[in-house]
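Trainee:
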Amino acid sequence: MPLSHDHILTTVATYLARHPHEREQLGELLAALDRPTDIASRSTFTGHVTCGAIVVDALGRVLHVLHLASGKVLAPGGHAEPADESLAGVALRELHEETGIPPQAVTPWPGYEAVPFDIDIHDIDARPGRGEPGHQHFDLRFLFRLRTTTEVPLVLQEEEVGGIEWRPVDRVTSPSLRDKLLKLPPKTEPEAANASALIYNDRGEYLLHLRDYFPGEIWEPGMWSLLGGGREPQDATLEHTVRRELAEEAGLDIADLTPFGTEHASDDASTSVPIAIYAGRWNGDPRELHLTEGVMLAWFAPDDLHRLRIAPTTSDLVRRHSDLVRRHAASHPGGTAPQSRLSSHEERRPASPHGTVLNVIGVHLYLERPDGTVLLGLRHPDSAFAPSTWHVLAGHCEQENAITCLIREAREEAGLHIERADVKLVHVIHHIDKAGDRPRMGLFFRARTWSGEPELREPDKCTQWKFWDPGALPDNLVSYTRQAIAKIQNGDLYSETGWPA
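Be aware that the sequence shown starts at 7, since it is given in my numbering, and climbs by one per residue.
1. Just to confirm, are Ile281 and Glu269 a CB contact at a threshold of 7 angstroms?
2. Just the Cα atoms here: how many angstroms apart are Arg444 and Cys57?
3. Let me check understanding here. Comparing Cα to Cα, which of Pro122, Tyr212, Thr395 lies closest to Ala285?
4. Buried or exposed, going by whether 16 or more other CB atoms sit within 10 Å of the CB of Ser231?
5. So, is Asp459 buried or exposed, given that buried needs 16 or more other C-beta atoms within 10 angstroms?
6. Quick check on the DSSP output: the alpha helix (DSSP H) that includes Pro181 runs from which residue to which?
7. How far does the alpha helix (DSSP H) with Val96 in it extend, from its first residue to its last?
8. State the DSSP-derived secondary structure class of Asn407, mapped to helix, strand or coil.
9. Comparing alpha-carbon positions, which option in Arg153, Glu100, His143, Leu303 lies nearest Leu32?
10. Which residues in the same chain have their Cβ closer than 7 angstroms to the Cβ of Val178, if we skip the five residues on either side of it in sequence?
11. Enumerate, from N- to C-terminal direction, the unbroken alpha helix (DSSP H) stretches of 4 or more residues contained entirely within the segment 431-470.
12. With distances taken from CA atoms, which of Asp498, Leu483, Lys78 is nearest Asp475?
13. Evaluate Leu22 with the Cβ neighbour count: other Cβ atoms within 10 Å of its Cβ, from every protein chain shown; 16 or more gives buried, anything less gives exposed.
14. Mind checking Ala89: buried by the 16 CB within 10 Å criterion, or exposed?
15. Taking the alpha-carbon positions, what's the Phe220 to His128 distance?
16. In its own chain, which residues sit with a C-beta less than 7 angstroms from the C-beta of Glu254, not counting the 5 before and 5 after it?
17. Could you pull out every residue in the same chain whose Cβ sits closer than 7 angstroms to the Cβ of Trp505, ignoring the five residues on either side in sequence?
18. So what does DSSP say about Glu353, is it helix, strand or coil?
19. Have a look at Arg417, Arg446, Gly477 and flag the residue whose alpha-carbon is nearest the alpha-carbon of Tyr486.
20. Which word fits Asn365, buried or exposed, when buried means at least 16 other C-beta atoms lie within 10 angstroms of its C-beta?
21. Could you check what DSSP says for Ser202 in three-state terms: helix, strand or coil?
22. Specify, as a first and last residue, the run of the alpha helix (DSSP H) that Gly510 falls within.
23. Should Asn200 be labelled buried (16 or more other beta-carbon atoms within 10 Å of its own) or exposed?
24. From Asp466, Gly169, Leu216, Val363, pick the residue whose C-alpha is nearest to that of His386; which is it?
25. What do you reckon, are the CB atoms on Ile205 and Val71 nearer than 7 angstroms?
26. Go through its chain and collect everything with a Cβ distance to Arg24's Cβ below 8 angstroms, but skip five positions before and after it.
27. Is the Cβ-Cβ distance between Glu419 and Glu374 less than 7 angstroms?
28. Within its chain, find whatever has a CB closer than 6 angstroms to the CB of His215; leave out the 5 residues flanking it on each side and keep chain order.
29. Considering only their Cβ atoms, is the gap separating Leu381 from Trp396 smaller than 7 angstroms?
30. By the 10 Å Cβ neighbour count, where 16 or more other Cβ atoms means buried, how is Thr320 classified, buried or exposed?
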């Protein structure tokens, strides 16, 4: 799922809430966020977002790499990719690609689980050879610590990184970053990280979870709380943690979760536990969810919280978010509820009717050779969706129309060049995996002609391209893709799958 504008807006708003004195110096970033452009795309030359990983080892040293393109010694980092799901995830992916350090080897610095440690704006020189004019990078830097005191094996990305160096804090290259690192408490240690979901609907209600009453066995027994839990070794980021917990506890998938801040709660031993809070909108019926933990899920208005057995920190969190929504609605009549004070794009979007569930739009390339064979790609074993499974070339619409998205995805994923005039819609499939999941509308386009042969442009996503006979498709094929291909062969324009009968 590509990075959403709301996710970036909310992340910047959370950062500015901590550093209000930086608002003026980040004016160009705020202006870029107010433009209807894809600020996450590296082809947006009015300025775009990059993300860096600030990694501190057990000796207090900070990881730097020699970037060959610029010739500068900097923290690991780079551009967002369409498959990135969070800004912190971009930083972790770049860390892994450039140095070989896996996401599981680091942990967010306490208090910075969902907010950047520093934001820097810097100019990038023009690169005529690549057709890139001079532009700006809005660099969001996330702070991590190594989980281990032993030496971590490093594997350089040879085409981009010329060397690695661990520097003491007073030799960190970025002045703003150096100043903030020097002010950190010197004895801060990594803590157990937790993440929870603040889920609300268009009626202004909040989804709460009634815990089992097992005193001594679970935290806050018999109390209403948010869904969520602790980070596990397989979680690359805290957003992965909260998404996994939502799936495990309730079979729930929220398409767009954005960081709302970090709260601190006290456990039974009166130890302060940091909890990263992610907010997201969902308009489903909780009675249809498959709850595996606790007693029940229910919607509650903020004014009804005093009737519940609920922790004061949870109640305050809900009311604070609700107050933010009300203040925004009062100052922007007709707008929808934002997830941050910066959500100017939300102001321009009309409110959804009660019960409306936004659908994800996916575009798919149906590429058929004259001999009738159809192009499929084998997804990477580590893919979040359909690992080691065949699928057509596909992607999610960003801030763009569907055909533009198709042409971009074909070029980025396989090096294929398609003209708009050669594209025709041949099938629409409305599908859903299970109750509570975000519905998806899959648009399948046929390209009458194209130039180029399929290349592995993104080997971390697709490991093989191959043309298949529609009558002998692979067994490990995405199920809705199999259905769509059959319908296209039959001349049917529309189908559905996954919906209850």
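Note that beta-carbon positions come from the ideal geometry of N, C-alpha and C, so glycine has one too.
Mentor: This is what the structure gives:
1. The residue given as residue 281 occupies position 275 in the sequence shown. The residue given as residue 269 occupies position 263 in the sequence shown. Contact flag set, yes.
2. Counting from 1 along the sequence shown, the entry for residue 444 is found at position 438. Counting from 1 along the sequence shown, the entry for residue 57 is found at position 51. Cα atoms of Arg444 and Cys57: separation of roughly 28 angstroms, rounded to the nearest angstrom.
3. As a first step, residue 285 is located in the sequence shown; it is residue number 279 there, counting from the start. Nearest C-alpha to Ala285: Tyr212.
4. As a first step, residue 231 must be located in the sequence shown, where it is residue number 225. Here Ser231 is buried, its C-beta having at least 16 other C-beta atoms within 10 Å.
5. In the sequence shown, counting from the first residue as 1, residue 459 sits at position 453. Looking at the sequence shown, residue 459 is not Asp but Glu. Exposed is the call here.
6. The sequence position of residue 181 within the sequence shown is 175, counting from 1. Membership of Pro181 in the alpha helix (DSSP H) is indicated by the continuous run 181-188.
7. Counted from its first residue, the sequence shown places residue 96 at position 90. Segment 93-105, the alpha helix (DSSP H) holding Val96.
8. Counted from its first residue, the sequence shown places residue 407 at position 401. Here Asn407 sits in coil by DSSP.
9. Translated into the one-based positions of the sequence shown, residue 32 becomes position 26. Nearest option by C-alpha distance: His143.
10. Taking the first residue of the sequence shown as position 1, residue 178 is located at position 172. Once the five neighbours on either side are set aside, the close Cβ partners of Val178 are Val68, Arg184, Leu187.
11. Within the segment 431-470, no alpha helix (DSSP H) run of at least 4 residues lies entirely inside it.
12. Numbered from 1 along the sequence shown, position 469 holds the residue referred to as residue 475. Here the closest residue by C-alpha is Leu483.
13. To locate residue 22, count along the sequence shown from 1; it is residue 16. Burial of Leu22 is indicated by the presence of at least 16 other C-beta atoms within 10 angstroms of its C-beta.
14. In the sequence shown, the residue the question calls residue 89 occupies position 83. By the C-beta density criterion, Ala89 is buried, having at least 16 other C-beta atoms within 10 angstroms.
15. Here residue 220 is taken as the residue at index 214 of the sequence shown, counted from 1. Here residue 128 is taken as the residue at index 122 of the sequence shown, counted from 1. Near 54 angstroms, if we compare the C-alpha coordinates of His128 and Phe220.
16. Here residue 254 refers to the residue found at position 248 when the sequence shown is read from its first residue. The beta carbon of Glu254 is closer than 7 angstroms to those of Thr298 in its chain, skipping five residues each way along the sequence.
17. Within the sequence shown, numbered from 1, the residue matching residue 505 stands at position 499. So the list reads Ile438, once near-sequence residues are dropped.
18. The sequence position of residue 353 within the sequence shown is 347, counting from 1. Since pLDDT at Glu353 reaches only 36, below the 50 mark, its modelled position is unreliable, and no value is offered.
19. Counting from 1 along the sequence shown, the entry for residue 486 is found at position 480. Tyr486 has its Cα closest to that of Arg446, out of Arg417, Arg446, Gly477.
20. Position 359 of the sequence shown, counted from the first residue, corresponds to residue 365. Exposed is the call here.
21. To locate residue 202, count along the sequence shown from 1; it is residue 196. The answer is strand: DSSP assigns Ser202 an E or B state.
22. One cannot answer for residue 510 here, as it falls past the ends of the chain, which runs 7 to 507.
23. Numbered from 1 along the sequence shown, position 194 holds the residue referred to as residue 200. Residue environment: Asn200 is assigned as buried (16 or more neighbouring CB atoms within 10 Å of its CB, all protein chains considered).
24. Here the question's residue 386 lines up with position 380 in the sequence shown. Checking every option, the nearest Cα to that of His386 belongs to Asp466.
25. Walking along the sequence shown from the start, residue 205 turns up at place 199. Walking along the sequence shown from the start, residue 71 turns up at place 65. No.
26. Translated into the one-based positions of the sequence shown, residue 24 becomes position 18. The answer, listed in chain order, is Val121.
27. Here residue 419 is taken as the residue at index 413 of the sequence shown, counted from 1. Here residue 374 is taken as the residue at index 368 of the sequence shown, counted from 1. Taking 7 angstroms as the Cβ cut-off, Glu419 and Glu374 do not qualify as a contacting pair.
28. As a first step, residue 215 must be located in the sequence shown, where it is residue number 209. These residues qualify, in order along the chain: Ser231, Leu233, Gly300, Leu303.
29. Against the sequence shown, residue 396 aligns to sequence position 390. Against the sequence shown, residue 381 aligns to sequence position 375. In this structure, Leu381 does not lie closer than 7 angstroms to Trp396 by Cβ.
30. Here residue 320 is taken as the residue at index 314 of the sequence shown, counted from 1. So Thr320 ends up on the buried side.
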